[in-house]
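One structure is given here, and the rest of the page talks about it.
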Amino acid sequence: MYNFVVFVAVLFVLAAVLQVNFFFTIAYFFAGIYIVSRIWSKRVVKQLSMRRDLTQRAFLGDEIDVTLTLENRGWLPIPWLMIHDPYPLDLAATPLFKQVIRMQGHAVQRFHYRLRARRRGYYEIGPLRADAGDLLGLHHWQRDAVPAEYVIVYPKMQPIAKLPLPTHSPQVVLPTALPIFEDPARLMGVRDYAWGDNPRYIHWTATAATGQTLVKQFEPAIARETALFLNMARDDYDRSEQRTGIELAITVAASLARHMVMVEKLPVGLHTMALDPLTNAVQQFSLPPHKEQGQLLRILDVLARIESVEADQAVMTFSEWVQQQSVHLSWGATLMILTNQLSEPLLQVLQGARQGGLKPALVLVRGNRAHPAIRQLNFPVFDIWEEQDIERWPRVA
Numbered sequence: 013m014y015n016f017v018v019f020v021a022v023l024f025v026l027a028a029v030l031q032v033n034f035f036f037t038i039a040y041f042f043a044g045i046y047i048v049s050r051i052w053s054k055r056v057v058k059q060l061s062m063r064r065d066l067t068q069r070a071f072l073g074d075e076i077d078v079t080l081t082l083e084n085r086g087w088l089p090i091p092w093l094m095i096h097d098p099y100p101l102d103l104a105a106t107p108l109f110k111q112v113i114r115m116q117g118h119a120v121q122r123f124h125y126r127l128r129a130r131r132r133g134y135y136e137i138g139p140l141r142a143d144a145g146d147l148l149g150l151h152h153w154q155r156d157a158v159p160a161e162y163v164i165v166y167p168k169m170q171p172i173a174k175l176p177l178p179t180h181s182p183q184v185v186l187p188t189a190l191p192i193f194e195d196p197a198r199l200m201g202v203r204d205y206a207w208g209d210n211p212r213y214i215h216w217t218a219t220a221a222t223g224q225t226l227v228k229q230f231e232p233a234i235a236r237e238t239a240l241f242l243n244m245a246r247d248d249y250d251r252s253e254q255r256t257g258i259e260l261a262i263t264v265a266a267s268l269a270r271h272m273v274m275v276e277k278l279p280v281g282l283h284t285m286a287l288d289p290l291t292n293a294v295q296q297f298s299l300p301p302h303k304e305q306g307q308l309l310r311i312l313d314v315l316a317r318i319e320s321v322e323a324d325q326a327v328m329t330f331s332e333w334v335q336q337q338s339v340h341l342s343w344g345a346t347l348m349i350l351t352n353q354l355s356e357p358l359l360q361v362l363q364g365a366r367q368g369g370l371k372p373a374l375v376l377v378r379g380n381r382a383h384p385a386i387r388q389l390n391f392p393v394f395d396i397w398e399e400q401d402i403e404r405w406p407r408v409a
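Residue numbering for the sequence shown follows this note's numbering, starting at 13 and increasing by one per position.
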């Protein structure tokens, strides 16, 4: 464009010096082309509208359809337009999307491409870049037409047939002699009304039949919640198993969360300390136990995007993290530890948690079973070496 302006200026100078009318005509002609082209390009930029439509959550193996809609809202045609929508290679199912088109006035064009969820993660799609200009190449503009959007690919989840957890775990809800709290869902009988009883628990049918005020009596119960503690510290995994071990541990956590919420209909929570790509910093994730389906989605959102951390990045060790968070759990809750190895500090924390009324369970993910204390532990230890083990839950101790 700069050379063209210089060319027109030289024509005007020659026309003025030589007083040749033909040169004036040519100079005015090219100046007119430049002005029209500039006005045209500015209007084209304002009248072009673009958007991207896609599903922002997917499971492993899913195909994600992406639709790009381009609309020329003005009457001026767009001589040429190149659009490019970048995305990570981990999601690539087709060659990278790039198109060069021409649009008439008031035209709408749609383009489709497909992504494939091959690996869990938090992926950036875009920004959609648009390049356009006139036929002569005098004016050219480039901009990010559509901001970047993000796709979450959930981790793999394996079905679980049965979980042989401790007696006070969510899988076995038994009466307890310790009056922790009463479960209104388990009616044991009726008794005479006493001062201080909740009026909502008056058994009106029995009261009418006997003529005495009777209240419902419930079985005492313990907490039926499970807290998953996932170790994402890379140094706590064997060097040869760091990547596969951590990914398998995430699959185990996702499978447990799904089983608790969808099958057992019981509360489950997640606690982990990991690198969050949203902030590019180490974050402490603590999701208290809940049993609604929204809790499962919250857990999966975290498990989908977290990455492992180095020892110097973490603010505390995994055993310290477990000790800090376990004090907030209800009495009788199941404490499930997902890690690669049993360290002495972690063993002490689990023994202390058991003495404090919690029910620990250790899940060794591609871990070392040679620890001398494993077979003498007073809580269950499970050995997960491959995804198929998640269904049958082989027990070490």
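For glycine and all other residues, C-beta sits at the position ideal for the given N, C-alpha and C. This structure is a prediction, so every number in the text was calculated from the model and none was measured.
Determine the closest residue to D401 out of P392, V375, Q388 and L389, with distance taken between C-alpha atoms. For the purposes of this step, residue 401 is taken as residue 389 along the sequence shown, with counting starting at 1. The option with the nearest alpha carbon to D401 is V375.
Answer with buried or exposed for K277, where buried requires no fewer than 16 other C-beta atoms within 10 angstroms of its C-beta. As a first step, residue 277 is located in the sequence shown; it is residue number 265 there, counting from the start. Under this definition K277 is an exposed residue.
Identify whether W397 lies in helix, strand or coil by the three-state DSSP scheme. The count along the sequence shown starts at 1 and reaches residue 397 at position 385. In this structure, W397 counts as coil in the three-state DSSP scheme.
L312 to T238 span [Cα, whole Å]: As a position in the sequence shown, residue 312 is number 300, starting the count at 1. As a position in the sequence shown, residue 238 is number 226, starting the count at 1. Whole-angstrom Cα-Cα distance: 16 Å.
Taking the continuous beta strand (DSSP E) assigned at E319, which residues delimit it? To locate residue 319, count along the sequence shown from 1; it is residue 307. From DSSP, E319 is part of no beta strand (DSSP E); its letter is neither H nor E.
For S331, which residues from the same chain have a beta carbon less than 7 Å from its beta carbon, with the 5 sequence-adjacent residues on both sides left out? The residue given as residue 331 occupies position 319 in the sequence shown. These residues qualify, in order along the chain: S355, P357, L358 and V361.
Reducing DSSP to helix, strand and coil, say where L359 ends up. Translated into the one-based positions of the sequence shown, residue 359 becomes position 347. Helix.
Would you check if there are 3 or more beta carbon pairs closer than 8 Å linking the stretch 56-75 to the stretch 152-160? yes
So, using beta-carbon positions, are L240 and M348 closer together than 8 Å? The count along the sequence shown starts at 1 and reaches residue 240 at position 228. The count along the sequence shown starts at 1 and reaches residue 348 at position 336. Cβ atoms of L240 and M348: closer than 8 Å.
What is the residue span of the alpha helix (DSSP H) that I258 lies within? What you label residue 258 is simply residue 246 of the sequence shown in a count that begins at 1. That run of the alpha helix (DSSP H) goes Q254 to R270.
Residue environment, W333, which counts as buried when at least 16 other CB atoms sit within 10 Å: The residue labelled residue 333 in the question sits at position 321 within the sequence shown. Buried, because 16 or more other Cβ atoms sit within 10 Å of the Cβ of W333.
Rounded distance between the beta-carbons of A345 and Y134, thought under 8 Å: Looking up residue 134 in the sequence shown gives position 122. Looking up residue 345 in the sequence shown gives position 333. Actually they are not in contact, since the Cβ atoms of Y134 and A345 sit about 30 Å apart, beyond 8 Å.
N- and C-terminal bounds of the alpha helix (DSSP H) containing V334: Taking the sequence shown and counting its residues from 1, the one referred to as residue 334 is at position 322. Looking at the DSSP string, the run of the alpha helix (DSSP H) that includes V334 is F330 to S338.
Rounded C-alpha distance that separates W92 from I76: Mapped onto the sequence shown, residue 92 falls at position 80. Mapped onto the sequence shown, residue 76 falls at position 64. Approximately 28 Å, taken between the alpha carbons.
Taking 7 Å as the limit between beta carbons, can you name the residues of its chain near W87, skipping five residues before and five after? The residue you call residue 87 lines up with position 75 of the sequence shown. So the qualifying residues of the chain are G117 and H118.
Mind reading off the beta-carbon distance from T219 to T225? Whole number of angstroms is fine, and I expect it under 8 Å. In the sequence shown, the residue the question calls residue 219 occupies position 207. In the sequence shown, the residue the question calls residue 225 occupies position 213. With 8 Å as the limit, T219 and T225 qualify as a contact, their Cβ atoms being about 5 Å apart.
Are the Cβ atoms of A105 and L127 separated by less than 8 Å? As a first step, residue 105 is located in the sequence shown; it is residue number 93 there, counting from the start. As a first step, residue 127 is located in the sequence shown; it is residue number 115 there, counting from the start. Cβ distance < 8 Å, so A105 and L127 count as in contact.
Let me make sure I understand the geometry here. Which of P300, A286, Q335 and Q336 has the alpha-carbon closest to that of A326? Locating residue 326 in the sequence shown gives position 314, where the first residue counts as 1. Ranking the options by Cα distance to A326, first place goes to A286.
Output needed for E4: all residues of its chain with C-beta closer than 7 Å, excluding positions within five of it in sequence on either side, in chain order. With the chain covering 13 to 409 only, the question about residue 4 has no answer from this structure.
Measure the CB-CB distance between V377 and A261 and report whether it falls below 8 Å. Here residue 377 refers to the residue found at position 365 when the sequence shown is read from its first residue. Here residue 261 refers to the residue found at position 249 when the sequence shown is read from its first residue. Yes; because the gap between Cβ atoms is below 8 Å, this pair is in contact.
Quick check on DSSP: helix, strand or coil for V377? Along the sequence shown, one-based indexing puts residue 377 at 365. Looking at V377 - three-state DSSP - the assignment turns out to be strand.
Assumed close pair D97, G138 - CB separation to whole angstroms, cut-off 8 Å: Locating residue 97 in the sequence shown gives position 85, counting from the first residue. Locating residue 138 in the sequence shown gives position 126, counting from the first residue. Yes, they are in contact, since the Cβ atoms of D97 and G138 sit about 6 Å apart, within 8 Å.
As assigned by DSSP and simplified to three states, the class of L309: Along the sequence shown, one-based indexing puts residue 309 at 297. In the structure shown, L309 falls within a helical segment according to DSSP collapsed to helix, strand and coil.
Return the first residue and the last residue of the alpha helix (DSSP H) that T291 is part of. As a working note, residue 291 is residue 279 in the sequence shown. From DSSP, T291 is part of no alpha helix (DSSP H); its letter is neither H nor E.
With distances taken between CB atoms, is the gap from V321 to R255 smaller than 8 Å? As a first step, residue 321 is located in the sequence shown; it is residue number 309 there, counting from the start. As a first step, residue 255 is located in the sequence shown; it is residue number 243 there, counting from the start. Not a contact, by the Cβ cut-off of 8 Å.
Return the CA-CA distance between V264 and T222, expressed in angstroms with no decimal places. Position 252 of the sequence shown, counted from the first residue, corresponds to residue 264. Position 210 of the sequence shown, counted from the first residue, corresponds to residue 222. Those two C-alpha atoms are separated by around 54 Å.
Coarse secondary structure for K277, derived from DSSP in three states: For the purposes of this step, residue 277 is taken as residue 265 along the sequence shown, with counting starting at 1. In the structure shown, K277 adopts coil according to DSSP, grouped into three states.
Using three-state DSSP, classify N390 as helix, strand or coil. Counting from one through the sequence shown, the residue named residue 390 turns up at place 378. If DSSP states are grouped into helix, strand and coil, N390 belongs with coil.
Per-residue burial, F34 [other beta carbons within 10 Å of its own, 16 or more giving buried]: As a position in the sequence shown, residue 34 is number 22, starting the count at 1. By the 10 Å Cβ count, F34 comes out exposed.
Using three-state DSSP, classify S181 as helix, strand or coil. As a first step, residue 181 is located in the sequence shown; it is residue number 169 there, counting from the start. Unreliable positioning characterises S181 in this predicted model, as indicated by a pLDDT of 41, which lies under 50. The coordinate reading is nonetheless provided below. In the structure shown, S181 sits in coil (DSSP, three-state: anything other than H, G, I, E or B).
First and last residue of the uninterrupted beta strand (DSSP E) at L81: Counting from one through the sequence shown, the residue named residue 81 turns up at place 69. Inspection of the sequence shows that residue 81 is occupied by Thr rather than by Leu. Residues E75 to N84.
Buried or exposed (CB count within 10 angstroms, at least 16 for buried), V78: In the sequence shown, residue 78 corresponds to position 66, counting from 1. Buried, by the Cβ-count rule.
In the structure shown, what three-state DSSP assignment does L101 receive? Taking the sequence shown and counting its residues from 1, one reaches residue 101 at position 89. Looking at L101 - three-state DSSP - the assignment turns out to be helix.
With distances taken from CA atoms, which of K58, H124 and K174 is nearest Q154? Residue mapping note: residue 154 aligns to position 142 of the sequence shown, counting from 1. Considering only alpha carbons, the answer is K58.
In angstroms with no decimal places, state the Cα-to-Cα distance between R132 and T291. Here residue 132 refers to the residue found at position 120 when the sequence shown is read from its first residue. Here residue 291 refers to the residue found at position 279 when the sequence shown is read from its first residue. Looking at the two C-alpha atoms, the distance is approximately 18 Å.
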